[in-house]
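Undergrad: Submitted below is the structure of interest, expressed as structure tokens.
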Amino acid sequence: MGAHRASHRPSPRLRAGRPGRGFTLIEVLVALAIISIALAAFVRITSQTVGNQGHLERQSLALLSAQNSLAELRIGSLPPPGLRQVDCPQGELAFVCRVQIAPSRDGMRAVAVDVYLGRDSDRSLASLQSRLPESRR
């Protein structure tokens, strides 16, 4: 009888067979799919961040151009009312400043400076408004 019981016991090789073999092909493919989705999301976020950084850099430089244009108007002679377009580059960016000077009211002129990336652009990157005295001492 003792021999009969021994034949019903699983062999040590069968008991340890499944857990010791590793991952199935399906498990590996699911893990790779999850990793690839995570990496794709990471690449997308990284590229958006780089794109946003470039846009913020252009806007910051455009704001510097607008400030420079207003400073030039403050220290120089104020041109007559109307719209004029002047080049106002910053580094390698060829900005164009569109300066609108309104007619005098109470000895002050309203000045608006809008900065565009190129003469044909219709999208302003920066805008500043100020009031400047018509006559200088």
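Per the working numbering, the sequence shown starts with residue 3, numbered consecutively. For every residue, glycine included, the Cβ atom is placed at its ideal position computed from N, Cα and C.
#1: Flag this pair as yes or no: are the beta carbons of P156 and G109 separated by less than 8 Å?
#2: Expressed to the nearest angstrom, what Euclidean distance is found between the alpha-carbon atoms of R46 and P91?
#3: Could you tell me which of A112, I103, Q131, V117 sits nearest to P83, measuring between CA atoms?
#4: CA-CA distance, L75 and S137?
#5: With DSSP run on the structure shown, which of helix, strand or coil describes A18?
#6: To the nearest angstrom, how far is the alpha carbon of S106 from that of F44?
#7: Could you give the residue range of the alpha helix (DSSP H) that holds G56?
#8: Take G56 as the anchor and find which of N70, L27, L95, I77 has the nearest alpha-carbon.
#9: Are S129 and A114 closer than 8 Å when you measure CB to CB?
#10: Could you check what DSSP says for R100 in three-state terms: helix, strand or coil?
#11: For the beta strand (DSSP E) that contains G84, what are its first and last residues?
TA: In short:
#1: The structure shown does not extend to residue 156, since the chain is modelled only from 3 to 139, so the question has no answer here.
#2: 32 Å
#3: I103
#4: 12 Å
#5: Only weak support is given to the placement of A18: the predicted model assigns it a pLDDT of 49, under 50, and the value that follows is read from those uncertain coordinates. It is coil, neither helix nor strand.
#6: 55 Å
#7: 27-77
#8: L95
#9: yes
#10: strand
#11: 84-89
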